[in-house]
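Asker: Here you go, one structure.
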Amino acid sequence: MNEYLSFLSIDYGTIILVLINTLILFLVIKHFLFGRVNKIIEERQADVSNTYAEADKSMAHAKELETNYNELLSNARDESAEIVKNATQKAQVRSDEIISNAKAEASGIISRANDDIEREKQRAMSEMKNEISGIAMMMAEKIIQKEINQKDHEALINDFIENVGDDVWQQK
Amino acid sequence: MSLGSKEVVVNGPKVSFEIFGLKITETVVLSWVVMAFIIGLVLFLTHNMSKTNPSKKQILAEWIVQTMNGMVKDSMGSRNLVYAPYMATIFSFSICGSLISVLGLRPVTGDFSVTLTWALMTFFMIQYAKIRNDGVLGYIVGFSKPIALLTPINVLSELATPVSMSIRHFGNVASGIVITQLLYYALTALSNAVGLHTFPLFTIGIPAVLSVYFDLFTGFMQAFIFTMLTMANVGAAYPEEE
Chain A
55 MNEYLSFLSI
65 DYGTIILVLI
75 NTLILFLVIK
85 HFLFGRVNKI
95 IEERQADVSN
105 TYAEADKSMA
115 HAKELETNYN
125 ELLSNARDES
135 AEIVKNATQK
145 AQVRSDEIIS
155 NAKAEASGII
165 SRANDDIERE
175 KQRAMSEMKN
185 EISGIAMMMA
195 EKIIQKEINQ
205 KDHEALINDF
215 IENVGDDVWQ
225 QK
Chain B
4 MSLGSKEVVV
14 NGPKVSFEIF
24 GLKITETVVL
34 SWVVMAFIIG
44 LVLFLTHNMS
54 KTNPSKKQIL
64 AEWIVQTMNG
74 MVKDSMGSRN
84 LVYAPYMATI
94 FSFSICGSLI
104 SVLGLRPVTG
114 DFSVTLTWAL
124 MTFFMIQYAK
134 IRNDGVLGYI
144 VGFSKPIALL
154 TPINVLSELA
164 TPVSMSIRHF
174 GNVASGIVIT
184 QLLYYALTAL
194 SNAVGLHTFP
204 LFTIGIPAVL
214 SVYFDLFTGF
224 MQAFIFTMLT
234 MANVGAAYPE
244 EE
């Protein structure tokens, strides 16, 4: 025959065993359910915050690189402008130099030509003097019909030619 | 009780066996079954958990833990979060202990000793929380507030908490047992009355409909109420610091 407790009973054995059962179940749930799940969730959160931190770091790095590149770019632009400016200046200087050289050369050529002309003129004049003095001598010989002592009268003739002078020959 | 010629008997828990004079009742045996089920479920759900690629059972486990943590945080404050596993224990033990009746077994929570045990645990947790909050002296003095005249009433109300909690839970589940039993007898008697002696037709189907209310609804409701009351009382005894 089965033994039953009364419908509304307080059984100390049951109380103690249920207490123990509850505590065991509590420890299992605490350790295996909450412990494991909370650990996983914490790890995941840590991962997420790590990822965010990494992303922020990468972002900052990218920003830094961007400013660096911008700086480099503007520097390069400045530099290129400088180079162009320098080149232009150099070219200007060079062209100025060439022009002045050319001018100097031209003026040199002109002055040399002038000198040549002068020299030619002098030469021509002295030749002419000699010719003229010869002609004058001959003419005087014919006129006075006697030989003029070239030696004696040379001074006279020269004086004559000098007196006729540049004005007469140059016909200015 | 007697209904017609048949005696209607609603028994308490059966004594399954005895060890060293200690009577091991049906209740305790079934509580082991319930425990084994819950422990098995916990180990199954939390087996092989992954941080980055959670399986469906892991999502369920995480949902359970987070819901429980959220409820405890909401009703008890975040510094009482350590109580969450205990609340989960009481809730799962109570709900599974009640729902075991769906399998035709005697509900664990239909034994007053069980609900009394849990209510006493709640009671001692409340007292511990109060002492922790007010100090030993403040705890004792607290009974004479707001005026000394109310001391007996304060003590009584403190003692009433576990009594009311345990009787409420036990009463709801036990009434389900009684009514199901009565209905079973009544339907059998009805079957006999219309001449179905060998085959009590009415006992099929109709008790199942009622069991939806008495087993499922009451089981869930009482587990929820018991857990919420424990949380509210312990939380109020050790409130959030301002």
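Chains as they are written, first to last, in this note's numbering: chain A, 55 to 226; chain B, 4 to 245.
All C-beta atoms, glycine included, are put in the ideal place defined by N, C-alpha and C.
Just to confirm the assignment, what range does the beta strand (DSSP E) spanning residue 20(B) have?
Answerer: Looking at the DSSP string, the run of the beta strand (DSSP E) that includes residue 20(B) is 18–22.
Asker: Evaluate residue 12(B) with the Cβ neighbour count: other Cβ atoms within 10 Å of its Cβ, from every protein chain shown; 16 or more gives buried, anything less gives exposed.
Answerer: Exposed, since its Cβ has fewer than 16 Cβ neighbours within 10 Å.
Asker: Which whole runs of the alpha helix (DSSP H) in the stretch 58–129 of chain B are 4 residues long or more, in chain order?
Answerer: As far as the stretch 58–129 of chain B is concerned, its whole alpha helix (DSSP H) runs of at least 4 residues are 59–79 and 87–102.
Asker: Contact defined as beta carbons within less than 8 angstroms: I believe residue 117(B) pairs with residue 72(A). What is the distance between those atoms, to the nearest angstrom?
Answerer: Their Cβ separation, rounded to whole angstroms, is 5 angstroms, which keeps residue 117(B) and residue 72(A) in contact under 8 angstroms.
Asker: List the residues of chain A that residue 137(B) touches, going by C-beta distances under 9 angstroms, in chain order.
Answerer: What residue 137(B) touches in chain A: nothing, since even the nearest Cβ is about 26 angstroms away.
Asker: Determine the contact status of residue 80(A) and residue 88(B), defining contact as a CB-CB distance below 8 angstroms.
Answerer: Yes. Within cutoff.
Asker: Relative to chain A, which residues along the stretch 52–80 of chain B have a C-beta separation below 9 angstroms, given in chain order?
Answerer: Hits within the stretch, in order: 52, 53, 54, 55, 57, 61, 64, 65, 67, 68, 69, 71 and 72.
Asker: Measure the alpha-carbon distance for residue 175(A) versus residue 207(A) and round it to whole angstroms.
Answerer: Straight-line Cα distance between these residues: approximately 27 angstroms.
Asker: Specify, as a first and last residue, the run of the beta strand (DSSP E) that residue 26(B) falls within.
Answerer: Counting along the chain, the beta strand (DSSP E) containing residue 26(B) begins and ends at 25–28.
Asker: Within 10 angstroms of the Cβ of residue 216(A), are there 16 or more other Cβ atoms? Answer buried if so, exposed if not.
Answerer: Residue 216(A) is exposed by the Cβ-count criterion.
Asker: Taking DSSP's pairing of strands, which residues face residue 58(A) in a bridge?
Answerer: Residue 58(A) is bridged to 17(B).
Asker: Would residue 164(B) and residue 127(B) be called neighbours here (beta carbons separated by less than 8 angstroms)?
Answerer: Cβ atoms of residue 164(B) and residue 127(B): not closer than 8 angstroms.
Asker: Roughly how many angstroms separate the alpha carbons of residue 84(B) and residue 91(B), rounded to a whole number?
Answerer: Each residue's Cα considered, the two are about 12 angstroms apart.
Asker: With three or more C-beta pairs closer than 8 angstroms as the rule, is the stretch 90–109 of chain A touching the stretch 129–146 of chain B?
Answerer: These segments do not touch.
Asker: Quick check on DSSP: helix, strand or coil for residue 244(B)?
Answerer: In the structure shown, residue 244(B) sits in coil (DSSP, three-state: anything other than H, G, I, E or B).
Asker: Enumerated in chain order, which unbroken segments of the alpha helix (DSSP H) with a length of 4 residues or greater are wholly contained in the stretch 136–204 of chain B?
Answerer: Whole alpha helix (DSSP H) segments, 4+ residues: 154–196.
Asker: Please classify residue 66(B): is it buried, with 16 or more other beta-carbons within 10 angstroms of its beta-carbon, or exposed?
Answerer: It is exposed - the Cβ of residue 66(B) has fewer than 16 other Cβ atoms within 10 Å.
Asker: What residue range is occupied by the uninterrupted alpha helix (DSSP H) comprising residue 101(A)?
Answerer: First-last of the alpha helix (DSSP H) with residue 101(A): 90–198.
Asker: From 88(A), 164(A), 144(A) and 154(A), pick the residue whose C-alpha is nearest to that of residue 61(B); which is it?
Answerer: Per the Cα distances, 88(A).
Asker: Cβ atoms of residue 86(A) and residue 25(B): under 8 angstroms apart, would you say?
Answerer: Not a contact, by the Cβ cut-off of 8 angstroms.
Asker: Straight-line CA distance for residue 17(B) to residue 239(B)?
Answerer: For residue 17(B) and residue 239(B), the distance between alpha carbons rounds to 39 angstroms.
Asker: I'd like to know if the stretch 90–105 of chain B and the stretch 210–228 of chain B are in contact, where contact means that at least 3 CB-CB pairs between them fall below 8 angstroms.
Answerer: Taking 8 angstroms as the limit for Cβ pairs, the verdict is that the stretch 210–228 of chain B does touch the stretch 90–105 of chain B.
Asker: With a 10 Å radius around its C-beta and 16 neighbouring C-beta atoms as the bar for buried, classify residue 49(B) as buried or exposed.
Answerer: Buried, because 16 or more other Cβ atoms sit within 10 Å of the Cβ of residue 49(B).
Asker: Of all Cβ atoms in chain B, is any one closer than 8 angstroms to the Cβ of residue 92(A)?
Answerer: True, the Cβ-Cβ gap to chain B drops below 8 angstroms.
Asker: Can residue 191(A) and residue 211(A) be called in contact, C-beta distance under 8 angstroms?
Answerer: Against a cut-off of 8 angstroms, the Cβ pair of residue 211(A) and residue 191(A) comes out as a contact.
Asker: Whose CA, out of 218(B), 140(B) and 137(B), lies closest to the CA of residue 175(B)?
Answerer: It is 218(B).
Asker: Among 105(B), 210(B), 54(B) and 10(B), which one has its Cα closest to the Cα of residue 186(B)?
Answerer: Taking only the C-alpha atoms, the option nearest residue 186(B) is 210(B).
Asker: So which residues of chain B does residue 105(A) contact, with C-beta pairs closer than 7 angstroms?
Answerer: Within 7 angstroms Cβ-Cβ: nothing; residue 105(A) doesn't reach chain B, min ~11 angstroms.
Asker: Kindly indicate if chain A contains any beta-carbon less than 8 angstroms away from that of residue 91(B).
Answerer: By this cut-off, residue 91(B) is an interface position.
Asker: Name, going along the chain, the residues of the stretch 99–128 of chain A whose beta-carbon falls closer than 9 angstroms to a beta-carbon of chain B.
Answerer: Answer in chain order: 101.
Asker: When you compare the CB positions of residue 202(B) and residue 193(B), do they come within less than 8 angstroms of one another, or not?
Answerer: Against a cut-off of 8 angstroms, the Cβ pair of residue 193(B) and residue 202(B) comes out as no contact.
Asker: Taking only the alpha-carbon atoms, compute the straight-line gap between residue 66(A) and residue 115(B) and give it to the nearest angstrom.
Answerer: Computed Cα separation, rounded: 11 angstroms.
Asker: CB-CB under 6 angstroms to residue 173(B), same chain, minus the five flanking residues each way: which ones, in chain order?
Answerer: If we look at residue 173(B) and ignore the five residues flanking it on each side, its Cβ neighbours are 115 and 118.
Asker: Using a Cβ-Cβ distance under 8 angstroms, would residue 128(B) count as near chain A?
Answerer: Closer than 8 angstroms: no.
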